[in-house]
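Everything in the sequence shown is counted per my numbering, starting at 81 for the first residue and increasing by one.
What follows is a short report on a single structure.
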Amino acid sequence: MKYINLKIMLKYLPLLLICVSYACSGTTNDDGDKRIVRVETVYGNMDIMLFNETPLHRDNFIKLIEDGFYEDLLFHRVIDNFMIQGGDPVSRNATGDTQPGSGGPGYTIPAEIHDHLYHRKGALAAARLGDNVNPDRESSGSQFYIVHGSLFTDQQLDEMEQRIQAMEEHEFTSRNFRRLEKEYLDRDEVPDYAAIASRIEELGNEYYSSGNHFKFSDEMRESYTTVGGAPHLDGSYTVFGQVIEGFEVIDKIASVETNSAARPREDIKMNIRVIR
């Protein structure tokens, strides 16, 4: 079995963070009432189940599909053992010497991140701008990626879990610092940063003592060690669907030759339609 090199995988994380300028699984629910869409490509079709737990992303995706938004768009960024990405309207008429990735419909979608919707192989997720300019982790209105991924060991997952928890704590601290500082400024007072730090520590102890730290569940660990995925993205991006048929199409697209910017040298067009 092929296991991913952790350093190599983490190297590609910024590619998703900068992929759009319009601010980027499993589930235990019954599948009978879930919408299904079909992504048609020259390499075959992928059927994707959309999650009801992410209604804003689900409904937006369906609306764009029904409006013909995705017709003849490209998978403009492809990284083997990681993901295949598309949904930029600029890619429809992009010449071979341009790199799509900055386009969108002109709006973003509020994050709908759930721990039980994770980045296993075939996960459909929304691209987005990075946390430094997008602290609320709002999704692109149209760009998405489908996870190709690779296998991970339990030791790698342990290390990644600790890294995600550290990022989680940093985001928690930054968010509460901004909020508490603003409260002082709104009262035209000089911020008491010692008091702010003490309050953040209290809030953190209360929050994390309630079991809110990110953890890979047994189901997630089983998936990542046997099926594969991109676990380092968990908790940071909205996963709103899962491929249920056509996994071989992901493999074929992920293996195509690309340029230095990860754009396939031969255009891979998509058409998407709702089938249920």
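The beta carbon of each residue, even a glycine, is placed where N, CA and C say it ideally should be.
Small disclaimer: the values here were computed from a predicted structure and weren't measured.
Burial state of residue i (16 or more Cβ within 10 Å)
i: K262; result: exposed
i: H137; result: buried
i: A205; result: buried
i: E218; result: buried
i: V270; result: exposed
i: R208; result: buried
i: Y150; result: buried
Cα-Cα separation, residue i to residue j
i: I226; j: T134; result: 16 Å
i: A275; j: F257; result: 11 Å
i: E337; j: H293; result: 39 Å
i: F320; j: A334; result: 20 Å
i: A203; j: L265; result: 43 Å
i: R172; j: G284; result: 46 Å
i: E346; j: E299; result: 37 Å
i: Y198; j: N132; result: 14 Å
i: A342; j: Q236; result: 25 Å
i: F162; j: R267; result: 48 Å
i: V148; j: A246; result: In the sequence as displayed, the identity of residue 148 is Gly instead of Val. Between G148 and A246, the C-alpha separation is close to 41 Å.
i: M129; j: K143; result: 15 Å
Whole-angstrom C-beta distance between residue j and residue i, which should lie under 8 Å
i: G184; j: S222; result: 5 Å
i: R301; j: D234; result: 7 Å
i: K295; j: E241; result: 7 Å
i: V158; j: I164; result: 5 Å
i: R353; j: R115; result: Going by Cβ atoms, the distance from R353 to R115 rounds to 12 Å, so no, they are not a contact pair.
i: E328; j: G186; result: Not really, about 35 Å apart at Cβ, beyond 8 Å.
Residue j beta carbon less than 7 Å from that of residue i
i: G326; j: D113; result: no
i: Y304; j: P311; result: yes
i: F155; j: I348; result: yes
i: G166; j: G229; result: no
i: M350; j: V119; result: yes
i: I189; j: N140; result: yes
i: T253; j: I280; result: yes
7 Å Cβ cutoff, residue i in contact with chain C
i: T253; result: Judged by its chain identifiers, the structure shown contains no chain C, having just a single protein chain.
*At which residue ranges does the region 146–182 contain complete beta strand (DSSP E) runs of 3 or more residues, listed in the order of the chain?*
Runs of beta strand (DSSP E) with 3 or more residues, each lying fully within the region 146–182, are found at 153–159, 163–166, listed in chain order.
*Return the chain-ordered ranges of every beta strand (DSSP E) run that is complete within the region 177–211 and spans a minimum of 3 residues.*
Complete beta strand (DSSP E) runs here, min 3: 203–206.
_beta strand (DSSP E) segments (min. 3 residues) lying fully within the region 280–349_ = Within the region 280–349, the runs of beta strand (DSSP E) at least 3 residues long that lie entirely inside it are, in chain order, 319–325.
*Tell me the start and end of each unbroken alpha helix (DSSP H) in the region 123–148 that is at least 4 residues and wholly inside, in chain order.*
135–146, all fully within the region 123–148.
*Within the region 229–274, note down every full alpha helix (DSSP H) run reaching 4 residues or more, in order along the chain.*
Annotation note: the region 229–274 contains the following uninterrupted alpha helix (DSSP H) runs of length 4 or greater, listed N- to C-terminal: 234–266.
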